[in-house]
């Protein structure tokens, strides 16, 4: 019997990591497509004659629709107790929208395609993480969620995308790059349909009579704190990608070539952190990691401000500081999923993600831009120091949710009226 039990456990473990692999690949393709316009903008902007305001609007529209769609589709998935069909539909739709971008002939047609892409892509992360939470053993949940959110997106979106897309655009034109980038998404949809299992959460009648709205969600201390952390860290990410390249070349005195590989260090750091940070949280707890890792984010802007003469030295500090981004999987997925009842999981994850996208992703670069205009680009770097430091302090208010640190799930251990 012992041999049979071991074999069953190994089979279940294999299915869990197959699930993680497919969803990791799928979200990687999402970010490949989401970032595609950024890397192709030198080609697109020139042909369509886009100004800087229009370029900014293209990014803002995608973030906004991503957040809103993620919330409403996730609410529907929780109500129907079904994630897989909606996930497949979303993957197919964003692939078609990527192809649609290749047919754009003006700013309006392009922003329309990006609007639709945001609608399609928004639900993919909360739906995927809900499937992971219900399909992966609790002891490996942090690592699994970190891989789904951070590994594929950084490997494909930060490393592979610029190389492949620019090469295709240079050889065949930017429209061909958009058309070809939609193909991997269709493959991922087939993989999800064939191999991913949707484990029912077993909704009770009591749960059917309730819904998790914004007010109810923020009644849970961890959801409110994670929403604040999401805003701070997503803002950190958006400001870094927007202003660090300019700061390194215009203020710190690095060449464009040095800047390009220094920025690529961030992708390598995030992909590495996808393994390391969540795995550590599975062993020592979520709260200690969320206090320490965001504070490491101070290293990146401080090192940029110091402008060490050796680019390799700066790269080391950028690598260490960018670990803060690996903590997003804990903030957006792991901690919220361990805080609320499984029947509200996708909704809770979408709320935290949406708040971060709208407040941090849209608002962060705007505020940093105003500060940079008044005080210089160094002002944007000091904002990053503040965001990282405040994130570590805010995380002190989290309630620990790691399974080995809590005797019962948080949502059953704490009365609903208290929501902590």
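Residue numbers (the working numbering): 10 to 429. Glycine included, each C-beta is placed from N, C-alpha and C at the ideal position. No experiment lies behind these values; they were computed from the predicted model shown.
- Query: Just checking my contact of residue 36 with residue 137 at CB under 8 Å: how many whole Å lie between their CB atoms?
  - Reply: 6 Å
- Task: Kindly indicate which three-state DSSP category residue 292 falls into: helix, strand or coil?
- Result: helix
- Task: Quick one: residues in its chain with C-beta nearer than 6 Å to the C-beta of residue 101, no 5 flanking neighbours on either side, listed in chain order?
- Result: 198
- Query: Does the beta-carbon of residue 241 have 16 or more other beta-carbons within 10 angstroms, so that it is buried, or is it exposed?
  - Reply: buried
- Item | Bounding residues of the alpha helix (DSSP H) (the contiguous stretch that carries residue 388) | 387-403
- Looking at residue 408 and residue 226, is the spacing between their C-beta atoms short of 8 Å? no
- Can you list, in chain order, the stretches of the alpha helix (DSSP H) that have 4 or more residues and sit fully within the stretch 243-303? 265-293
- Pick helix, strand or coil for residue 411, following the three-state DSSP scheme. coil
- Message: Using only CA atoms, which one of 181, 177, 378, 32 lies nearest to residue 206?
- Response: 32
- Could you spell out the range, first to last residue, of the alpha helix (DSSP H) harbouring residue 322? 320-330
- Please go through the stretch 57-118 and give each complete alpha helix (DSSP H) segment of 4 or more residues, from N-terminal end onward. 61-89, 93-110
- Task: Take residue 271 and list the residues in its own chain whose beta-carbon comes closer than 8 Å to its own, dropping the five residues that flank it on each side.
- Result: 257, 263, 320, 323, 324, 327
- Can you name, in chain order, every residue of its own chain whose Cβ lies under 6 Å from the Cβ of residue 371, other than the five neighbours on each side? 69, 72
- Message: Give the list of continuous alpha helix (DSSP H) stretches no shorter than 4 residues that lie fully inside the stretch 149-218.
- Response: 150-155, 170-181, 183-190, 192-204, 214-217
- Item | Same chain, Cβ closer than 6 Å to residue 38, five either side skipped, listed in chain order | 193, 194, 197
- Is the distance from the Cβ of residue 129 to the Cβ of residue 99 below 8 Å? yes
- For the 8 Å Cβ check, are there 3 or more pairs between the stretch 280-289 and the stretch 326-342? yes
- Query: Considering only residues of the same chain and omitting the five flanking positions on each side of residue 150, which have a CB-CB separation below 8 Å?
  - Reply: 141, 142, 291, 343, 346, 347, 412
- Pick from 59, 398, 298, 154: whose alpha carbon is nearest that of residue 135? 154
- Item | Coarse secondary structure for residue 145, derived from DSSP in three states | coil
- Task: Apply the 10 Å Cβ neighbour rule to residue 213 and answer buried if 16 or more other Cβ atoms are within range, or exposed otherwise.
- Result: Note that residue 213 has pLDDT 43, beneath the 50 cutoff, so the model's placement of it is unreliable and the number below is only indicative. Exposed: under 16 other Cβ atoms inside 10 Å.
- Query: Taking C-alpha atoms, which residue in 398, 315, 365, 53 lies nearest to residue 131?
  - Reply: 365
- Query: Just curious, the alpha helix (DSSP H) that residue 362 is in, first and last residue?
  - Reply: 354-364
- Query: What did DSSP end up calling residue 225 once you bin it into helix, strand or coil?
  - Reply: helix
- Following the continuous alpha helix (DSSP H) through residue 314, name the residue where it begins and the one where it ends. 308-315
- Query: Between the Cα of residue 126 and the Cα atoms of 56, 67, 163, 179, which residue gives the shortest distance?
  - Reply: 67
- Item | Helix, strand or coil at residue 7 according to DSSP, with G and I counted as helix | Nothing in the structure corresponds to residue 7, since the chain is present only between 10 and 429.
- Item | Neighbour-count burial assignment, residue 296, 16 or more Cβ in a 10 Å radius | buried
- Taking C-alpha atoms, which residue in 231, 274, 259, 315 lies nearest to residue 403? 231
- Proximity below 8 Å, CB of residue 367 to CB of residue 380: no
- Can the beta-carbon of residue 145 be found closer than 8 Å to that of residue 273? no
- Item | Three-state secondary structure assigned by DSSP to residue 350 | coil
- Task: Using 10 angstroms around the beta-carbon of residue 172, count the other beta-carbons present and answer buried if the total reaches 16, otherwise exposed.
- Result: exposed
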